[in-house]
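Asks:
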Amino acid sequence: MEYSIGIDIGGTKIAAGIISKEGEVVHKSTVPTPSMGKDEILSLLKEIIQNLLEWAADQQLALEGIGIGTAGQVGFFEGKIVSGTPNIKNWNGVPLRDEIQAYTDLPIYIDNDVNVLTLAEYQFGAAKGCEEVICLALGTGVGGGVLTKGELIRGTWGGGAELGHMTIDMNGKECNCGLRGCLETYASGTWIAKRMQELLEESGLDSNITSYDVIRLYHEEDEMAGQVIQTMIRGLANGIVNLIHLFNPQVVVLGGGVMSNGQWIIDLLKDEMKTMGMRSLVDDVEIRQSELHNDSGLIGAAIQTWLYK
Ligand SMILES: [Zn+2]
């Protein structure tokens, strides 16, 4: 059996573990992401990696490499964080691969968290057996990954496939990327909550609400939540149809927190998409819920060490 280290760096937590080539998590630990950012994270990563190396040595497991998935825009070829997320302090421009390579000889691969999630769904999850795949993670933001012929589309330095920042409405709400009406302003948890808050405020009601509340209220047939979810579904359907027109995929996989128990979202989307776009392209595309949940970031991160060997 072959093993690698997988590390998933997010805005709130860092998960790390030993993963088998078959996608099994054999050892794992999770710690909160240090609030001070770069220096604290780098020294914590050193400690985590050294602990995992020792654990693997104790178990007599030989390791293939270290795979990392992180929030933010990643220069895959340089192993560098090009533009970090606002959720992690001082993360812009960090030459992460060089920093880690200073204390280990193992090969190191670093990519965007949703790119590695796409790899995990492709190898072990909802996109297994498909080579033309679109993956959207609907969470705090909306992240994306595109596989064509089984390989990720990266663009010039690795920043491609920012699917969440495709404009759906150029007169829409202002997104934190500088554009207006991005897919993220419809389909992220943040914006589902924001849109509901706006409606509540207009009616002079208490506006402190999360996306999970909105979804619960929608299922209780609350009228305002119904309006917000309808807007979300229309925005998401437009985004997915745009992506289908661009990439002619076999399958679109939807994951992230918003999609937990999200079959109802897929049912609404399919209905909405019946009359959208070019039938030759849209009709046969499968919309599926992601199958790997908590550990998908770790597994996807580790997959890189075998894929790019
Ligand atoms: Zn945007």
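For the sequence shown, the numbering used here assigns the number 45 to the initial residue and increments by one for each residue that follows. Glycine included, C-beta positions come from ideal geometry on N, C-alpha and C. Small disclaimer: the values here were computed from a predicted structure and weren't measured.
1) Could you give the first and the last residue of the continuous beta strand (DSSP E) run that contains I125?
2) In terms of residues, what are the limits of the beta strand (DSSP E) holding L107?
3) Along the chain, where does the alpha helix (DSSP H) containing V295 start, and where does it finish?
4) Is G248 helix, strand or coil by DSSP?
5) Label P76 either buried or exposed according to how many other C-beta atoms from any shown protein chain fall within 10 Å of its C-beta, with 16 as the threshold for buried.
6) Does the Cβ of Y47 have 16 or more other Cβ atoms within 10 Å, making it buried, or fewer, making it exposed?
7) Using C-beta distances below 8 Å, list every residue in its chain close to G169, excluding the 5 sequence neighbours before and after it, in chain order.
8) When the Cα of I347 is compared with those of F291, L88, G203 and N159, which residue comes out closest?
9) At a threshold of 8 Å, does G233 count as lining ligand 1 (C-beta to nearest heavy atom)?
10) By Cβ distance, which residues of its chain are closer than 7 Å to M214, with the 5 residues on each side in sequence left out?
11) On the DSSP bridge list, what partners appear for V75?
12) For a test of your reading of the model: does the CB of G354 fall under 8 Å from any non-hydrogen atom of ligand 1? Yes or no.
13) Could you tell me which residues DSSP puts in a beta bridge with D52?
14) Please indicate yes or no: does the CB of N220 lie closer than 8 Å to some heavy atom of ligand 1?
15) Should T129 be listed as close to ligand 1, given that the test is whether its C-beta is under 8 Å from any heavy atom?
16) Exposed or buried, what is F121 when buried is set at 16 or more other beta-carbons lying within 10 Å of its beta-carbon?
17) Ligand 1 and G208: does any heavy atom of the ligand fall closer than 8 Å to the residue's C-beta?
18) Hey, is the region 100-118 in contact with the region 48-61, meaning 3+ C-beta pairs nearer than 8 Å?
19) For a quick check, are the C-beta atoms of L180 and I343 less than 9 Å apart?
20) Is L180 near ligand 1, with its Cβ less than 8 Å from a heavy atom?
21) Can you tell me whether R239 is buried or exposed, with buried defined as 16 or more other CB within 10 angstroms of its CB?
22) According to the Cβ coordinates, are K65 and W350 closer than 9 Å?
23) Run through the DSSP bridge pairs and tell me what R332 is partnered with.
24) From what residue to what residue does the alpha helix (DSSP H) around L140 run?
25) Can you tell me which of the three DSSP states N156 falls into?
26) Is the region 271-278 close to the region 312-322, with three or more CB pairs under 8 Å?
27) Could you compute how far the alpha carbon of K82 sits from the alpha carbon of I154?
28) Could you check which residue in N305, D102, L140 and V190 has the C-alpha nearest to that of F291?
29) Buried or exposed: which applies to N327, given that a residue is buried once 16 or more other Cβ atoms fall within 10 Å of its Cβ?
30) Candidates I309, L89 and T200: which alpha carbon is nearest R260's?
31) Taking 8 Å as the line, does the beta carbon of L249 fall inside it for any heavy atom of ligand 1?
Replies: Judging by the given coordinates:
1) K124 to S127 is the extent of the beta strand (DSSP E) around I125.
2) Note, L107: beta strand (DSSP E), L107 to T114.
3) From DSSP, V295 is part of no alpha helix (DSSP H) but of the beta strand (DSSP E) over V295 to G299.
4) DSSP, reduced to helix, strand and coil, places G248 outside both helices and strands of the structure shown, so it counts as coil.
5) P76 counts as exposed, since fewer than 16 other beta carbons sit within 10 angstroms of its beta carbon.
6) With 16 or more other Cβ atoms inside 10 Å of its own Cβ, Y47 counts as buried.
7) So the list reads V297, S334, E335, L336 and S340, once near-sequence residues are dropped.
8) Closest by alpha carbon: N159.
9) False, no ligand heavy atom lies under 8 Å from that Cβ.
10) If we look at M214 and ignore the five residues flanking it on each side, its Cβ neighbours are R224 and G225.
11) Paired residues: I58.
12) Lying outside 45 to 353, the shown extent of the chain, residue 354 is not represented and no answer is given.
13) Beta-bridge annotation (DSSP): D52 is paired with A59 and G113.
14) Using a cutoff of 8 Å, the CB of N220 counts as near ligand 1, since one of the ligand's heavy atoms is closer than that.
15) In this structure, T129 has its CB at a distance of at least 8 Å from all heavy atoms of ligand 1.
16) Under this definition F121 is an exposed residue.
17) Yes; taking the cut-off as 8 Å, the Cβ of G208 has a heavy atom of ligand 1 nearer than that.
18) Enough Cβ pairs lie closer than 8 Å, so yes.
19) By the CB criterion at 9 Å, L180 and I343 fall outside the cutoff.
20) No, Cβ of L180 sits at least 8 Å from all heavy atoms of ligand 1.
21) For R239, the number of other beta carbons within 10 angstroms of its own is at least 16, and it is reported as buried.
22) A contact, by the Cβ cut-off of 9 Å.
23) Looking at the DSSP assignment, R332 forms a beta bridge with V297.
24) Annotation for L140: the continuous alpha helix (DSSP H) segment containing it runs L140 to Q145.
25) Annotated three-state conformation of N156 is strand, per DSSP.
26) Cβ pair count under 8 Å is three or more, so yes.
27) Distance from the CA atom of K82 to the CA atom of I154, rounded to whole angstroms, is 16 Å.
28) For the set N305, D102, L140 and V190, the Cα lying nearest the Cα of F291 is the one of V190.
29) The sequence given here places Asp at residue 327; Asn does not occur at that position. D327 is exposed by the Cβ-count criterion.
30) From the listed residues I309, L89 and T200, the smallest Cα separation to R260 is found for I309.
31) No, the beta carbon of L249 sits no closer than 8 Å to any heavy atom of ligand 1.
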